[in-house]
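Engineer: Those sequence lines, one after another, are chains F and G.
Under this note's numbering, the first residue of the first sequence is numbered 1, with each subsequent residue one higher.
Under this note's numbering, the first residue of the second sequence is numbered 1001, with each subsequent residue one higher.
The beta-carbon is built from N, C-alpha and C at its ideal position, and this holds for glycine as well.
Remember, predicted model here, so these are calculated numbers, not experimental data.
There are 2 protein chains.
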Amino acid sequence: MYSLILQNVSRHIKLSADEADYFAALLQPKKLRKKQVVIHAGDDARYEYFITKGCMRQYYLDNNGQEHTIMFAPEDWWIGDMYGFVYSQPSLTMVDTLEDTEALAIERCDYEKLLTAVPKFERFFRVLIQRAFVTQQRRIIENMSLGAGQRYINFTQQYPELEQRLPLRQIAYYLGITPESLSRIRAGKLKKVE
Amino acid sequence: MYSLILQNVSRHIKLSADEADYFAALLQPKKLRKKQVVIHAGDDARYEYFITKGCMRQYYLDNNGQEHTIMFAPEDWWIGDMYGFVYSQPSLTMVDTLEDTEALAIERCDYEKLLTAVPKFERFFRVLIQRAFVTQQRRIIENMSLGAGQRYINFTQQYPELEQRLPLRQIAYYLGITPESLSRIRAGKLKKVE
DNA sequence: CGTCTATTTGAATGTACTCAAAAGCGGTGG
DNA sequence: CCACCGCTTTTGAGTACATTCAAATAGACG
């Protein structure tokens, strides 16, 4: 149950057995069905989720009812509404499951306790967020400098497993295009412009 | 010289006089002329910069020679190529000045020393990057869900000072549109679509 | 002033979107 | 095992937002 996350943590910081136990005790195992919404826009997003099985996504629902996927989280990733979690504000985005999923949830107050009790976790989360920041930045660059076709190709190369695993419509929402456009791109009916 | 950054740090963590001195000693003051490039794509981006006066920007130069601005950094902000800095890889982006600028630079090895010597800084940078992450995420959402006109309006509301201070072409590069399009938007000749 | 750069304007073009409908796929129940 | 239902993907036609390229105008700086 906890082996995946402890292994993940140990890649960055070394924990004593006591510290590992303390950490694990703060994690709440959750079993979720496919399509289950765990954070609704407007909710207090008190939890961040570490996925041990399945896949979740964070998305924004715009005024036209369209979904825009911010990130996918398969096994070994964290997900949540960072804005709401960090600022204790109502969430702006939604988080749901794309498959039956098992996750370990940490509550905001426990996260804060953890950082105080075991300051090594400051480093762990700093490194984690730094990496996520860099990944996001590259996405912004790609969105601005590449056409939809090239973005799709890059996606398939960067996340070949997700390409197989997820419905195409979800990938379209991530790429910032409509499912119709992605379909045409795949059929080679839209030029794959550099 | 150091008062701005120490004040900034003190909003998140409390430093002893010794710690503050140690920190300040690792910062290298830089005086930069307008349009000076401090990080070139391909460089080892060994420094992160804290701006005390003036304004810098990070941008990506694509294969067509077009500039895409990733972020602006006026006074009291950090900037650099986080990817290159964190991973010790050649930078993918460029950083230059938009005005005559004064900055405090920290070198990668000193950053690492600092985190080891004064672990409180792990917390400081975690919080900093968390906030930057959230800001970036909101930008991704806006880019996907709003038209160029509305993104421009939001920019003027969120950064009224930058709107005044920067050339319009720079704002266009940040919004992900051409200067021509921004000009038309401002003239009301492109619909400001929701 | 004169030069260089930034901004504006115009005309034609293109990428991706919208709306609508058809086809494909998967699961469920008869 | 096949038929039907619901959901995803594909296809088509027309449209819209923003781009490109070119030229004119305006602003800033020496």
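Using DSSP's beta-bridge definition, name the partner residues of glutamine 968/G.
Structural biologist: There is no way to answer for residue 968/G, as the model of chain G reaches only from 1001 to 1194.
Engineer: Can you name the residues of chain G whose CB is closer than 7 Å to the CB of glycine 80/F?
Structural biologist: Locating residue 80/F in the first sequence gives position 80, counting from the first residue. Simply none; closest approach about 11 Å.
Engineer: Return the chain-ordered list of same chain residues with a C-beta closer than 6 Å to the C-beta of serine 1183/G, the five sequence neighbours on each side being excluded.
Structural biologist: Here residue 1183/G refers to the residue found at position 183 when the second sequence is read from its first residue. Excluding sequence neighbours, serine 1183/G sits near nothing in its chain.
Engineer: Return the first residue and the last residue of the alpha helix (DSSP H) that alanine 24/F is part of.
Structural biologist: What you label residue 24/F is simply residue 24 of the first sequence in a count that begins at 1. Segment 17-25, the alpha helix (DSSP H) holding alanine 24/F.
Engineer: Based on the DSSP output, what are the partners of tyrosine 1087/G in its beta bridges?
Structural biologist: The residue labelled residue 1087/G in the question sits at position 87 within the second sequence. Paired residues: none, contrary to the question.
Engineer: Evaluate alanine 132/F with the Cβ neighbour count: other Cβ atoms within 10 Å of its Cβ, from every protein chain shown; 16 or more gives buried, anything less gives exposed.
Structural biologist: Start at 1 with the first residue of the first sequence, and residue 132/F comes out as number 132. With 16 or more Cβ atoms within 10 Å of its Cβ, alanine 132/F is classed as buried.
Engineer: Examine chain F for any beta-carbon lying closer than 8 Å to the beta-carbon of alanine 1041/G, and answer yes or no.
Structural biologist: Translated into the one-based positions of the second sequence, residue 1041/G becomes position 41. Chain F contact via Cβ: absent.
Engineer: Taking C-alpha atoms, which residue in Gln1066/G, Glu1048/G, Glu1075/G and Asp1110/G lies nearest to serine 1091/G?
Structural biologist: Stepping through the second sequence from its first residue, residue 1091/G is reached at position 91. Comparing Cα-Cα distances from serine 1091/G to each of Gln1066/G, Glu1048/G, Glu1075/G and Asp1110/G, the minimum goes to Glu1048/G.
Engineer: With contact counted as at least three CB pairs below 8 Å, one residue from each stretch, are the region 121-132 of chain F and the region 1122-1129 of chain G in contact?
Structural biologist: With the cut-off at 8 Å, the region 121-132 of chain F and the region 1122-1129 of chain G touch.
Engineer: Check valine 1038/G in the structure and name its three-state DSSP category.
Structural biologist: On the second sequence, residue 1038/G is found 38 positions in, with the first residue counted as 1. Reduced to three states, the DSSP call for valine 1038/G is strand.
Engineer: Just how far apart, CA to CA, sit arginine 1054/G and glutamate 1161/G?
Structural biologist: As a position in the second sequence, residue 1054/G is number 54, starting the count at 1. As a position in the second sequence, residue 1161/G is number 161, starting the count at 1. The amino acid occupying residue 1054/G in the given sequence is glycine; arginine does not appear at that position. About 12 Å.
Engineer: Classify valine 193/F as helix, strand or coil using the three-state DSSP reduction.
Structural biologist: As a working mapping, residue 193/F is identified with position 193 in the first sequence. Confidence at valine 193/F is low in this model, with a pLDDT of 37, below 50, so the placement of that residue is unreliable and no value is reported for it.
Engineer: What span of residues does the beta strand (DSSP E) with alanine 1103/G cover, start to end?
Structural biologist: Residue mapping note: residue 1103/G aligns to position 103 of the second sequence, counting from 1. 1101-1107 is the span of the beta strand (DSSP E), which, as asked, contains alanine 1103/G.
Engineer: For a contact meaning CB atoms closer than 9 Å, what does aspartate 1110/G contact in chain F?
Structural biologist: Translated into positions along the second sequence, residue 1110/G becomes position 110. Within 9 Å Cβ-Cβ: nothing; aspartate 1110/G doesn't reach chain F, min ~17 Å.
Engineer: Exposed or buried, what is proline 1074/G when buried is set at 16 or more other beta-carbons lying within 10 Å of its beta-carbon?
Structural biologist: Sequence index remark: in the second sequence, residue 1074/G carries index 74 (1-based). The residue in question, proline 1074/G, is buried, as its Cβ has 16 or more Cβ neighbours within 10 Å.
Engineer: Less than 8 Å between the beta carbons of serine 145/F and tyrosine 1173/G, yes or no?
Structural biologist: Translated into the one-based positions of the first sequence, residue 145/F becomes position 145. Translated into the one-based positions of the second sequence, residue 1173/G becomes position 173. Not closer than 8 Å, so no.
Engineer: List, in order along the chain, the chain G residues whose C-beta lies closer than 8 Å to that of glycine 176/F?
Structural biologist: Locating residue 176/F in the first sequence gives position 176, counting from the first residue. Here the neighbours are Asn1143 and Met1144.
Engineer: Hey, does histidine 1068/G have any beta-carbon neighbour from chain F nearer than 8 Å?
Structural biologist: By one-based count along the second sequence, residue 1068/G stands at place 68. Chain F, which has a Cβ nearer than 8 Å to the Cβ of histidine 1068/G, makes this yes.
Engineer: By how many angstroms is the C-alpha of histidine 1068/G removed from the C-alpha of isoleucine 1051/G?
Structural biologist: In the second sequence, residue 1051/G corresponds to position 51, counting from 1. In the second sequence, residue 1068/G corresponds to position 68, counting from 1. Straight-line Cα distance between these residues: approximately 21 Å.
Engineer: Going by beta-carbon coordinates alone, are methionine 82/F and glutamine 1130/G separated by less than 8 Å?
Structural biologist: The sequence position of residue 82/F within the first sequence is 82, counting from 1. The sequence position of residue 1130/G within the second sequence is 130, counting from 1. Contact flag set, yes.
Engineer: Bridge partners of isoleucine 51/F, per DSSP?
Structural biologist: In the first sequence, the residue the question calls residue 51/F occupies position 51. Isoleucine 51/F is bridged to Ala103/F.
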